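Sequential numbering from 8 applies to the sequence shown in my numbering. Just so it is clear, CB atoms sit at the ideal spot from N, CA and C, and this is done for glycine as well. Remember, predicted model here, so these are calculated numbers, not experimental data.
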Amino acid sequence: MGLFSKVKDLLQANTMDLISKAEDPEKMLNLYVERATEEVRNFQVQVNRSLADKIQLEERIEGLNKEIKVRSEQAALAVQQGKDDLARTALTYKKQAEISKSDYESQLIEQSKSVEELQGNLRLLSEKLEKAKMERNDLVMRQRRAETMKKANEAVSGLSSHDPLDDFDRMKDRVERMEAEAKASGTMVHTKTIEDQLAELETGKVNSEIEDELARLKEGNKIELNKN
8 MGLFSKVKDL
18 LQANTMDLIS
28 KAEDPEKMLN
38 LYVERATEEV
48 RNFQVQVNRS
58 LADKIQLEER
68 IEGLNKEIKV
78 RSEQAALAVQ
88 QGKDDLARTA
98 LTYKKQAEIS
108 KSDYESQLIE
118 QSKSVEELQG
128 NLRLLSEKLE
138 KAKMERNDLV
148 MRQRRAETMK
158 KANEAVSGLS
168 SHDPLDDFDR
178 MKDRVERMEA
188 EAKASGTMVH
198 TKTIEDQLAE
208 LETGKVNSEI
218 EDELARLKEG
228 NKIELNKN
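Encoded structure:
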């Protein structure tokens, strides 16, 4: 029963405690199930051996029943033939077979109880092992889901500390600044053009006055020439 206790303790181990202490929970859970499976397999071997012992006892009892029958027939035949000593020997063998049979029958009763108990424990362990496998699969999925959520949360946390949208805002401000500078530059060019045009008007006015004065001089000179 020591093996049964060992397997039972293994299957009833604190799985969550095992996970919390493991660097790789999935690996440890698989190892846990493998160990439990191996222990159950070893327990199955012990159950089979116990069942084999029971079968052997039954076979010995059956053999002794046959021997008792044969010895009885031999004793009866010896008596018929007046061979009392031979009959006595046959009855002695018969008695020994009966004693052995009684001993084996007592052992068979105990062995049958033991086999029944072991088989019951094996069924219990097998059920616990299947439950452990199901829990292992569930815990592995929960672990993977938790890891995925943790990575997602860490990614979101990273974005919070350095939001890429902040970079977009900065680029937007930069573009708007460049647009403003372009507009200012265009205004300056436009203003310069007007100044140039006004300067040209003044230059044109001066040139016109000069031409007018030149024309008057020419006209005056022409008049003087005509008088002479």
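- If you draw a straight line from the Cα of Q87 to the Cα of V77, it comes to about 15 Å.
- For D31, there is no enclosing alpha helix (DSSP H), as DSSP marks it with neither H nor E.
- Under the three-state reduction of DSSP, K225 is assigned to helix.
- With 16 or more other Cβ atoms from the protein chains shown falling within 10 Å of its own Cβ, V54 counts as buried.
- The Cβ-Cβ distance between I68 and K108 falls below 9 Å.
- Distances from the CA of Q63 to each of D92, K190, Q118 were compared; the closest alpha carbon is that of Q118.
- If you draw a straight line from the Cα of E46 to the Cα of R56, it is about 15 Å long.
- Secondary structure at Q103: helix, using DSSP grouped into helix, strand and coil.
- The segment 81–99 makes no contact with the segment 130–138; the number of CB pairs closer than 8 Å stays below 3.
- In this structure, DSSP gives G127 a helical state, which the three-state scheme calls helix.
- For V147, same chain residues with a beta-carbon under 7 Å away, outside a window of 5 residues either side, are E33, L36 in chain order.
- In this structure, DSSP gives G70 a helical state, which the three-state scheme calls helix.
- Between K157 and E142, the alpha-carbon positions lie close to 22 Å from each other.
- Less than 9 Å divides the Cβ of Q51 from the Cβ of L129.
- Taking E123 as reference, the option from L84, D60, Y100, N160 with the minimal CA-CA separation is D60.
- Under the criterion of beta carbons closer than 8 Å, A104 and L71 qualify as touching, at roughly 5 Å.
- In the assembly as shown, L132 is a buried residue. Its beta-carbon has 16 or more other beta-carbons within 10 Å.
- Under the three-state reduction of DSSP output, K90 falls in the coil class, being neither helix nor strand.
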